[in-house]
Amino acid sequence: MSIWRALHQALRTRALAQLKGRTLFFAKFVPGAMSHQLTQCLGYCARPGGGLFVLEQPGVSMRPREVTPPNLPPGSFLNPELSLDATKILFSYSPVASDPSGTYTGGRDVPRFCTPDRLAHRYNIYEAPLAGGTARRLTNDGHDDIFPIYLPDGDIVFSSTRRGGYHRCGLGPCFVFTLSRMGPNGENPRSISFHETHEWTPALLPDGRLLYTRWDYVDRNGVLYQHLWTARPDGGGVRIYYGNNTWNPCGTWEARPVPNSTKVMAIAGPHHAMSAGSVILIDTLKGIDGATPITRLTPEVRFTESEEPLAHAPAFVKDVAFDSTPRSYWRGGIPGPARNQTPTVQEKRWPGHSFKSPWPLSETTFLASYSYDRLLGEPGGNIPNQYGIYLCDADGTRELIYRDPRISSLWARPIEPRTPPKLAQSPIDPERAKRLTGTFSIDKVTEAWPDAFPSQYPIVALRVFHIINKTTPNIDSPKVGAGLGSVGREILGTVPVEADGSAYFEAPANMPLYFQALDAKGRAVQTMRSAVYLQPGEHESCVGCHEDRRKSYMPAQPALATQRAPSVIQPSLSGTRPFSYLKLLQPVLDRKCVTCHDGKREGVPALTGEPDGWSCKSFNVLIRHVPYSSWNQQPNNNNEPLTRPLTFGALPSKLLKRLESGHGDVKLTDEEWQRFYIWMDSNGACWGTFDAAKQRE
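Residues in the sequence shown are numbered from 1 upward in steps of one, following the numbering used here.
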């Protein structure tokens, strides 16, 4: 034992030499009452306890110096950030006097922590001197404001629920938080992202862009796609950074750029738990999807939920035997070949062990919080003292730096000035921005990967959809479409595609959109399952529809569409804005079908607009013959990352084949055909509002 101890002490001494003369900043924090990627940072789930601290002799002494502002009562301190000159602290804080665990009353339409005083709790952003002293409040307007960071010009970027809306799956309320920005003193707080669902933990890349996690599940699996995106600090220039077509891991969290490197470090973690898991290094020079760009720095921790099953936390109770064997698990639903199915030696010893909040010191060395205790997912929370701070490296070193036996310690980083990156400038003309629109251009719609567009369906137009923010807190309450947790949508209209496959058009700013590529009859050949948006005055462009991002593209000549003025979106037919199946398609059925399909003939399906469940009788009959995307159905639980042409909608549908083969003496006009195509291509949409009272107006 003495030999082992001496050897380990020598290894520890060598590792800790990297921290000699350095001072660390960190926070103490009790994980939220519900362990989930959304609720981990909502004020109504906050639990009391914590503060801000400095560790002046890391690796030598575990005696911290508290720098919690004395003017703040006990509460929860979330994701603190140091200023670039390391003299100030930004942090989110919520005054919390009691633990909300145990206040859930159950029931589909009952909020998880349902007392009005709990739902009124919010995280607001504060700033304080690192040396200690009074904090000043920067936000105070009834929203959760979280994950603040400083920009080089002194402004602050953060995530906020101020945009409004709720998430589309699960129970609630889970308020949507997206990127926002304000001045140094909290002035002019405003949303700079108009994505339809959540965005987490912005960080600054060396080139001045924002790096952040975005949940991207427009008409696709709701568990697997929380990965990395970039944007300019004005919110424009949004681009995929890593993982939007990646199954495993479920999510990429808490990403930070590595000093003197082009790589970033992050957590590969679950969907149904707080952001914790395995530490990874991402090199986008090797690709932007899949396993190739990833180096597993902590391979002893498999990717939680997508590889290692995630245990359910006991539901909303305070006194729980957390060491007991879990009775149920969250599993990502990924096909076996796509994931590591073999438990590690360490996992057998410490099931569910995890890392959190890595801070890169180099490509191979980092500070992180670590827990031997099992990471638990919703519906309940994790133990208060789950995490301590460690110095780690890619060779498996994990040296304890600080641990409080009563409470978790997180977000450790050296107190050192950082060279401010150059502020990424906005290319938007302020005069042009006054129109509250922007423009899109596409060089060649059919430039696609991995599957080419079918040549028998030349693309002549794009259909433009607007994704509507969800205004009710619980999944499918009410339903708006056949898919589980369906997107609310309306159709703005169509724009032309030129003979060379190019398009150029004006579109409204500040709203999430998606596009469909249409053939000459107005049928969708390919459908986008992500969201794009424009800042006022912004121009955005892409090469094609799912082009291979690993290759450069140089057109032989300028795109035809950009040689003219931008097209104006031509409005669609009645019943598409707002979307209403009863106004779009039911009148056609009433004229051409209901004479026979009136519901009064045995064995003949009813095609009437009579209410039937959440929709109507004709909808429930016809939707069975149209393929649509919903993550609770086959193939593969809808977790295919890329949409193949002719997968969903009118063209591959049995309904279209039946209509084209003829049905008695029924003859459809051109407009009636269009109404069928539009509905079949709208992914099972029925209503364009989440207001149940307005759905049948």
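Glycine is no exception: its CB is placed at the ideal position from the N, C-alpha and C atoms.
Put simply, of G544, I468, E416 and P293 the residue whose alpha carbon is nearest the alpha carbon of V54 is E416. With fewer than 16 other CB atoms across the displayed protein chains lying within 10 angstroms of its CB, A452 is exposed.
In this structure, S261 sits near E363, with a CB-CB distance shorter than 8 angstroms. DSSP places V279 inside the beta strand (DSSP E), whose first and last residues are S278 to I282. The alpha-carbon separation between L582 and E540 amounts to approximately 35 angstroms. DSSP places V621 in the uninterrupted alpha helix (DSSP H) bounded by K617 to L622. If you ignore the 5 residues before and after G75, its C-beta comes within less than 6 angstroms of the C-beta of Y93, S94, P95 and V96, all in its own chain and listed in chain order. Between the region 369 to 383 and the region 24 to 41 there are three or more inter-stretch CB-CB distances shorter than 8 angstroms, so the stretches are counted as touching. Bounds of the beta strand (DSSP E) holding D393 are G388 to D393. Taking a C-beta distance under 8 angstroms as the contact criterion, K592 and V666 qualify as a contact pair.
Taking 8 angstroms as the cut-off, the Cβ atoms of T201 and E254 count as close. Following the DSSP letters along the chain, one finds Y44 in no alpha helix (DSSP H), marked with neither H nor E.
Rounded to whole angstroms, the separation of the alpha carbons of V264 and L211 is 10 angstroms.
Distances from the CA of Y241 to each of P233, G235, C686 and T252 were compared; the closest alpha carbon is that of T252. Beta-bridge partners assigned by DSSP to V445: none are found. Inter-residue distance for T139 and N79 is about 16 angstroms (C-alpha atoms, whole angstroms).
W330 and A311 have their alpha carbons spaced roughly 6 angstroms apart. Rounded to the nearest whole angstrom, the C-alpha separation of A482 and L651 is 18 angstroms.
Per the C-alpha coordinates, the member of Q695, A503 and I475 positioned closest to C169 is I475. Residue pairing from DSSP places C542 in a beta bridge opposite I442. Nearest Cα to N510 within the set I428, V525, Y533 and A520: Y533. With the rule of 3 Cβ pairs closer than 8 angstroms, the region 270 to 284 does not count as touching the region 553 to 567.
The DSSP-derived three-state label of W247 is coil.
The region 150 to 186 is shown to contain whole beta strand (DSSP E) runs of 3 or more residues at 156 to 160 and 178 to 182, in chain order. Taking 8 angstroms as the cut-off, the beta carbon of V218 is found no closer than this to the beta carbon of Y677.
Across the set T13, D85, S486 and L24, the C-alpha of S486 shows the shortest separation from the C-alpha of W631.
The residue from D393, A394 and T304 with its alpha-carbon nearest to that of G352 is T304. It is roughly 21 angstroms from the alpha-carbon of E697 to the alpha-carbon of V594. Under DSSP, S94 forms a beta bridge with S76. For V588, the three-state secondary structure derived from DSSP is helix. W215 is bridged by DSSP to Q226.
CA-to-CA, the gap between W247 and R302 works out to about 14 angstroms. For P233 against R181, the beta-carbon gap comes to about 7 angstroms, under 8 angstroms, which counts as contact. Nearest C-alpha to I442 among Q346, W449 and E547: E547.
Annotation for R398: the continuous beta strand (DSSP E) segment containing it runs R398 to Y402. Where L651 is concerned, there is no enclosing alpha helix (DSSP H), because DSSP gives it neither an H nor an E.
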